[in-house]
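See structure below.
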Amino acid sequence: MYAKGAYPHLRFIRPRVEREWMLGLTAAQLAQVAEWEKDMWNGIHGYIGIHGETNDSEYKDVPEEKQRLLAEAFQPMAHRVDNEIKGIRIHYPTAATAQKANMSTDAFEDFFFDVCSFDYRKMAKASTPLLELMDKTDQVRIVGPGTDLAFSIKGIGKQVAVGKRNMPDGEVYTAPVRGSLHGTIQYNAPSRYRGTAFDNVRFTFREGKIVEATANHTEKLNEILDTDEGARYIGEFAIAFHPHILHPIGDILFDEKIAGSFHLTPGQAYDSADNGNRSTIHWDLIAIQRPEYGGGEIWFDDVLIRKDGRFVHEALLGLNPEQLIL
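Residue numbers 25 to 350, in my numbering, belong to the letters of the sequence shown in order.
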């Protein structure tokens with residue numbers, strides 16, 4: 025950085041210390057902290073965020089009200105960082121993440137560098153037909169075990185994500201027209217949010233809104249969805265295709281890129297794919313459609329584009345794993 029003439033600013037956060045700080049938060053305190061953060065980020069032109077997990081339950085006993093206050097206070101800054109400042113996020117391999125992935129630390133490090141050193145230029149070229157097809161699509165229908173869901177993506181921005189903001193990467197994303205979702209979705213990848221591990225999350229939609237939500241922690245799930253009005257609406261729909269990421273490991277930066285999966289995300293929409301939904305949450309929940317996870321289909325305007333996790337539309341065959349890794 026010095027060689028490039030940049031002035032690096034280092035910030036190091038320990039989760040155990042941050043948890044203690046969060047337990048004593050007040051609204052007045054956060055208003056002041058948010059101003060300090062705003063001043064800092066106004067002078068920053070780029071960032072590299074490196075996260076190394078030690079305990080993914082560290083914030084489990086922080087009251088929901090404290091977590092909500094923090095999210096609300098930092099929402100404007102987080103929105104600017106996500107949409108206006110050049111940067112990249114990396115989740116560096118740790119023994120804790122390796123344990124969640126049921127791997128040795130050495131094996132997980134090898135896996136990490138395999139997925140992060142993938143040929144993302146090739147992936148970008150292969151994903152262009154999906155981007156173009158999504159851009160022409162109005163109606164999406166998704167079916168699978170426990171899932172029969174329809175919505176429109178007409179007029180919403182579409183974006184390819186291939187290593188410019190996150191590492192690893194591998195998806196094309198957009199957002200549903202806010203009030204267009206009808207039906208039910210059953211997610212089959214476990215997800216941890218605000219310190220709680222969720223399984224078997226199931227949503228029923230009516231006119232775009234989540235009107236019923238169940239999981240192994242149904243009460244906690246609905247607490248999160250009641251954070252604000254936008255938390256019960258979807259802010260992102262993405263189709264993922266990283267050929268080296270096949271199973272959930274409990275790290276969202278990896279899990280949301282699983283080959284043969286999609287995610288449908290309650291909460292805040294991105295500026296680049298903006299359906300108008302606003303929320304302090306953005307919770308990527310994942311459904312894997314490969315046969316070993318129960319299969320499933322994605323249809324664009326009554327045309328089948330992916331079946332059991334494999335692209336079947338002629339223009340999209342290059343996104344199947346054996347083509348991407350040639």
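Don't be surprised by glycine CBs; every beta carbon is placed ideally from N, CA and C.
Does the contact criterion of 3 or more C-beta pairs under 8 angstroms hold for the stretch 322-333 versus the stretch 124-142? Counting Cβ pairs under 8 angstroms, fewer than three are found: no touch.
Sheet register partners of M191 (DSSP bridge): Start at 1 with the first residue of the sequence shown, and residue 191 comes out as number 167. Beta-bridge analysis with DSSP links M191 to I114.
The stretch 47-54 contacting the stretch 186-195, beta-carbon criterion three pairs below 8 angstroms: No: fewer than three Cβ pairs fall under 8 angstroms.
Which residues DSSP lists as bridging W323, in chain order: Here residue 323 corresponds to residue number 299 of the sequence shown, with the count starting at 1. For W323, the pairing in a beta bridge is given by DSSP as R165, L328.
Buried or exposed for W307, please, with buried defined as at least 16 other CB atoms from any protein chain shown within 10 angstroms of its CB. If you number the sequence shown from 1, residue 307 lands on position 283. Its Cβ being crowded by 16 or more others within 10 Å, W307 is buried.
Quick test of your reading: V201 and N299, contact by CB under 8 angstroms. State the CB separation rounded to the nearest angstrom. If you number the sequence shown from 1, residue 201 lands on position 177. If you number the sequence shown from 1, residue 299 lands on position 275. About 6 angstroms; that satisfies the 8 angstroms criterion.
Check whether the Cβ of T198 sits closer than 6 angstroms to any heavy atom of the ligand ATP, and report yes or no. Ligands are entirely absent from the displayed structure, and the ligand ATP is therefore not among its contents.
Could you give the C-beta distance for P158 and K182, rounded to a whole number, given that I count them as a contact under 8 angstroms? Your numbering for residue 158 matches position 134 in the sequence shown. Your numbering for residue 182 matches position 158 in the sequence shown. Looking at the sequence itself, residue 158 is Met, so the reference to Pro does not match. The pair is a contact, with the Cβ atoms about 5 angstroms apart (cut-off 8 angstroms).
Rounded to whole angstroms, what's the CA-CA distance from D252 to Q99? Just pull it up for me. Translated into positions along the sequence shown, residue 252 becomes position 228. Translated into positions along the sequence shown, residue 99 becomes position 75. Looking at the two C-alpha atoms, the distance is approximately 12 angstroms.
Own chain partners of D223 with C-beta closer than 7 angstroms, once the 5 adjacent residues on each side are dropped: Within the sequence shown, the letter at position 199 stands for residue 223. Counting only residues of its own chain and dropping the five nearest sequence neighbours on each side, D223 has a CB closer than 7 angstroms to the CB of P214, A239, N240.
State the DSSP-derived secondary structure class of T171, mapped to helix, strand or coil. Here the question's residue 171 lines up with position 147 in the sequence shown. T171: strand per DSSP, three-state reduction.
Please report the residue range of the alpha helix (DSSP H) in which P153 lies. Here residue 153 refers to the residue found at position 129 of the sequence shown. Unbroken alpha helix (DSSP H) run through P153: 144-160.
According to DSSP, is Y217 helix, strand or coil? In the sequence shown, the residue the question calls residue 217 occupies position 193. Three-state result, Y217: strand.
Could you name the residues that DSSP lists as bridge partners for H306? Taking the first residue of the sequence shown as position 1, residue 306 is located at position 282. According to DSSP, residue pairing for H306 in a beta bridge involves G291.
Quick one: residues in its chain with C-beta nearer than 6 angstroms to the C-beta of E260, no 5 flanking neighbours on either side, listed in chain order? As a first step, residue 260 must be located in the sequence shown, where it is residue number 236. So the list reads Y197, A199, T289, once near-sequence residues are dropped.
Does DSSP put H103 in a helix, in a strand, or in coil? For the purposes of this step, residue 103 is taken as residue 79 along the sequence shown, with counting starting at 1. DSSP places H103 in helix when its eight states are reduced to three.
By how many angstroms is the C-alpha of I114 removed from the C-alpha of A97? By one-based count along the sequence shown, residue 97 stands at place 73. By one-based count along the sequence shown, residue 114 stands at place 90. Each residue's alpha carbon lies about 24 angstroms from the other.
If A283 and E195 are in contact, beta carbons under 8 angstroms, what's the gap, nearest whole angstrom? For this step, residue 283 is matched to residue 259 along the sequence shown. For this step, residue 195 is matched to residue 171 along the sequence shown. Contact between A283 and E195 fails: their C-beta atoms lie close to 11 angstroms from each other, not under 8 angstroms.
Report the partner residues of V196 according to the DSSP bridge assignment. By 1-based counting over the sequence shown, the position of residue 196 is 172. Per DSSP, V184, I263.
Distance, Cα to Cα, P153 vs L340? Walking along the sequence shown from the start, residue 153 turns up at place 129. Walking along the sequence shown from the start, residue 340 turns up at place 316. Going by the C-alpha atoms only, they are around 6 angstroms apart.
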